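>
Residue numbers (our numbering): 157 to 228.
#1: Is the beta carbon of residue 191 closer than 8 Å to that of residue 183?
#2: Applying the 10 Å Cβ sphere with the 16-neighbour rule, what's the burial state of residue 219?
#3: Within its chain, find whatever has a CB closer than 6 Å to the CB of residue 196; leave out the 5 residues flanking it on each side and keep chain order.
#4: Would you mind reading off the limits of the alpha helix (DSSP H) that contains residue 217?
#5: Rounding to the nearest angstrom, what Cα-Cα distance links residue 216 and residue 163 in this structure?
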């Protein structure tokens, strides 16, 4: 999830992981690690995709927290 360039894909993967519920407990450590990553910041001269990713970083982090709540 953390390596895909599209934050829409990251969000979709996170939601899918959360839908597994308790059977995804093995992923807790990885989800915690992703939450500890610094927020994405677009470079000073950014493409539209990079600006969109910066806006969607908060949405992704919210879904990571929701996923943790569902799988713990």
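Every residue, glycine too, gets a C-beta built ideally from N, C-alpha and C. For clarity, every value in this text was computed on a predicted model and none was experimentally measured.
Quick answer:
#1: no
#2: buried
#3: 209, 210, 213
#4: Start and end: 204-227.
#5: 7 Å
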